[in-house]
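Engineer:
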Amino acid sequence: MLIKKPADIPYSEVTPKALYLNRRTFLTGIPAAFLGARALRANTKLPNLAKSPLSTSEKENTYNDVTHYNNYYEFGTGKDQPVDLAKNFKTDPWTVSVEGEVAKPRKYSLDEIMKVAPLEERIYRHRCVEGWSIVVPWAGYSLSELLKQVQPTSKAKFVAFESYYDLKQMPAARYAGIPLPYLEGLRLDEAMHPLAMLTVGMYGETLPPQDGAPVRLTVPWKYGFKSAKSLVKIRLVEKQPPNTWNISSPQEYGFYSNVNPNVDHPRWSQATERRLGELRRRPTLMFNGYDQVASLYTGMDLKKLY
Amino acid sequence: MLRSRWTKAAVFLLCLVPAAWLGWRAWNGDLTPNPIEYITHFTGDWAIRLVVVTLAVTPLRKLLHLPDLIRFRRMLGLFAFFYASLHFATWFGLDKYFDLHEILADFVKRWFIFAGLAAFLSMLPLAVTSTKGWIRRMGGKRWQLLHRLIYFTAIAAVVHYYWLVKSDIRLPALYGSLVAILLAYRVGAWWSARRRAASAQGGKQAQMTAR
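Going down the list, the sequences are from chains U and W. At position 238 of the first sequence the residue is numbered 238 (my numbering), and the sequence of numbers has no breaks. One rule links them: number in my numbering = place in the second sequence (from 1) + 1000.
#1: Would you say W:P1033 faces chain U, with C-beta separation under 7 angstroms as the test?
#2: My output table needs one value for U:Y108: the three-state DSSP class, helix, strand or coil.
#3: Express the C-alpha separation of U:A191 and U:K104 in angstroms, rounding to a whole number.
#4: Mind pulling the chain W residues with CB within less than 9 angstroms of U:G177?
#5: Taking Cβ-Cβ distances shorter than 8 angstroms, what residues in chain U pair up with W:A1105?
#6: Let me know the secondary structure DSSP gives U:P137 once reduced to three states.
#7: Taking 7 angstroms as the threshold (beta carbon to beta carbon), is U:T310 in contact with chain W?
#8: Tell me where the beta strand (DSSP E) around U:Y124 begins and ends.
#9: Show which residues of chain U have a CB atom less than 8 angstroms away from the CB atom of W:Y1097.
#10: Distance, Cα to Cα, U:F89 vs U:N70?
#11: Strictly below 8 angstroms CB to CB, what residues from chain W border U:S227?
#12: In whole angstroms, give me the CA-to-CA distance for U:W138 and U:S55.
#13: For U:E278, count neighbouring C-beta atoms within 10 Å of its own C-beta (all shown protein chains included) and say buried if the count is 16 or more, exposed if not.
#14: Helix, strand or coil, according to DSSP, for U:N246 in the structure here?
#15: Quick one: complete alpha helix (DSSP H) runs, 4+ long, within the stretch 1028-1068 of chain W?
#16: I'd like to know whether the C-beta atoms of U:N262 and U:W221 end up nearer to each other than 7 angstroms.
#17: Over the uninterrupted beta strand (DSSP E) stretch that includes U:T95, give me the two end residues.
#18: Let me confirm a value: W:V1108 is counted as buried when at least 16 other C-beta atoms fall within 10 Å, else exposed. Which label applies?
#19: Return the residues of the stretch 68-97 of chain U that lie within a Cβ-Cβ distance of less than 8 angstroms from chain W, sorted by chain order.
#20: Rounded to whole angstroms, what's the CA-CA distance from U:Y306 to U:Q251? Just pull it up for me.
#21: In terms of residue numbering, what span does the beta strand (DSSP E) encompassing U:T199 cover?
#22: Examine chain U for any beta-carbon lying closer than 7 angstroms to the beta-carbon of W:F1088, and answer yes or no.
#23: Does the beta carbon of W:F1112 sit closer than 7 angstroms to a beta carbon anywhere in chain U?
#24: Using beta carbons (cut-off 7 angstroms, strictly below), is U:D301 in contact with chain W?
#25: At least one CB of chain W closer than 7 angstroms to the CB of U:D65: is that the case?
#26: Quick one: is W:F1152 buried, meaning 16 or more other Cβ sit within 10 Å of its Cβ, or exposed?
#27: Using a Cβ-Cβ cutoff of less than 6 angstroms, which residues in the same chain neighbour W:R1003 once the five nearest sequence positions on both sides are dropped?
#28: Give the secondary structure of U:T218 by DSSP, where H, G and I count as helix, E and B as strand, and everything else as coil.
#29: Would you identify the three-state DSSP class for W:R1025, choosing helix, strand or coil?
#30: Does the stretch 124-139 of chain U come into contact with the stretch 262-277 of chain U, if we say contact requires no fewer than three beta-carbon pairs (one atom in each stretch) closer than 8 angstroms?
#31: What does W:I1036 reach in chain U if we use C-beta pairs closer than 9 angstroms?
#32: Thinking just about the alpha-carbon of each residue, which of W:R1073, W:C1015, W:L1104 and W:R1005 is nearest to the one in W:I1150?
#33: For U:S227, which residues from the same chain have a beta carbon less than 6 angstroms from its beta carbon, with the 5 sequence-adjacent residues on both sides left out?
#34: Excluding the five sequence neighbours on either side, which residues of its own chain have a C-beta within less than 8 angstroms of the C-beta of W:S1130, listed in chain order?
#35: For U:R23, name the three-state secondary structure that DSSP assigns.
#36: Any chance you could list the beta strand (DSSP E) runs of at least 3 consecutive residues sitting entirely within the stretch 264-292 of chain U, in chain order?
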């Protein structure tokens, strides 16, 4: 007797050929999608960071120093506060709008920000206006890479930066005592200097929230407050943009704010600094030791334009 | 209870708790990434707190009808001086590393250092003359007059704190308000005592004329 066996799989369940072939594109997409999704979270490993010749050979501070001693007033004015108060800061989804005097204004997703240029590890000195300093291995690329993509027009003379601000996520910001959102600015030639960095990570990982996740500025020859955290807007402009600490106390904080041992802050000397982890103060260096930026300021009286 | 020797010992130990806490954290290497700054702020905080507490003794005695609180005033004042000395020594020794040149430059150029030093130095004569012997030697009236210097100490300490903070003035404002209230109480007390004296005088005069 001949018993007809049903086919193992009905034809309706067979994968169409187009979809079957698409499998490969799907597979090749996985790493990017994976990194893209994972990169939005703090403390994701950033593999294959290129070494940078701009790095200092000085001893890095510990990860603990850099994550437990933060000036991030939106998350409290105490340096021990941001590590707790920023713990649940939501950085996903995230958009950075690059706009103003540019030929190609564009909104970048964080995923796109991560891919503007190959990520490098750069070990920079970081000097706070308060007289302490640290050495941090940042991860990112020169800000100029991003600016070149949007093509500044001939009118663009300055770059204005704006940090994220939301009282719901940052209730302690009520008591910051400074106007928010946090604003900063650079002259275009400063922003285009290779040392000026768009930073997405540190210590080989994405940034933790208290250090300015998911993307921040790092300008190592200027006092730390110039390096705005958690950027949402980068605007190219014609006139010198306002910066928060200058609005708050103009006699204490200028626009340029280059590290300068010869120009004292009205309330303390800038001649020396304490490197976290060291007992004795060490002398502060002009431009924080980054002499290669000196040519940006030829002919300027840095005592007046502090 | 306030008269007991044990209460005094308890207050003494209580005043030592912050110092012990600091010592414990130092022992465990748990003084934040910037230990010198932490010690400076910690000892400064306790100095100003104890100045405020010392200033509060007299008003509290009167308002709560607890005259025996006076037993703790000298001790509280001396502990304020103790923490202020630690605060000063931390700045002088640990922070500035006995660099007299830089210290002098700070002293003339930085108003908040000037105010802080003024507050600290104004406590010195009070600490020195805090003994019974000195009260006897000076006489109660003169001794009391000298010890009103703590009003200056408190104001200078608040100003020091206020000039020091960058933007978040909540704590200096808090201590400033407390000091203002405690000093206002004294002005009020002085004023009403004067009026009472004046009306008593007036009453006497009225009696005299009636006679």
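Ideal placement from N, C-alpha and C gives every residue a C-beta, glycine not left out. Remember, it's a predicted structure, so these values are computed and weren't measured experimentally.
Structural biologist: According to the structure shown:
#1: yes
#2: strand
#3: 18 angstroms
#4: V1165, K1166, S1167, D1168, I1169 and R1170
#5: S269
#6: strand
#7: The structure shown does not extend to residue 310 of chain U, since chain U is modelled only from 1 through 306, so no value can be given for it.
#8: First-last of the beta strand (DSSP E) with U:Y124: E120 to R127.
#9: R280 and R281
#10: 15 angstroms
#11: What U:S227 touches in chain W: nothing, since even the nearest Cβ is about 17 angstroms away.
#12: Cα atoms of U:W138 and U:S55: separation of roughly 10 angstroms, rounded to the nearest angstrom.
#13: exposed
#14: helix
#15: 1035-1063
#16: no
#17: T95 to G100
#18: exposed
#19: Listed by position along the chain: H68, Y69, Y73, T77, K79 and D80.
#20: 10 angstroms
#21: M197 to M202
#22: no
#23: yes
#24: no
#25: Closer than 7 angstroms: yes.
#26: exposed
#27: Within the same chain, and ignoring the five residues on either side of W:R1003 in sequence, the residues whose Cβ sits closer than 6 angstroms to its Cβ are D1068.
#28: strand
#29: helix
#30: yes
#31: R274 and L279
#32: Measuring from the Cα of W:I1150, the nearest candidate turns out to be W:R1073.
#33: L217, T218 and V219
#34: Closer than 8 angstroms at the Cβ level, and outside the excluded window around W:S1130, lie R1074, G1077 and L1078.
#35: Low confidence applies to U:R23: its pLDDT is 48, below 50, so where it sits in the model is not reliable, and the reading given next is rough at best. Of the three classes helix, strand and coil, the one that applies to U:R23 here is helix, per DSSP.
#36: 272-275
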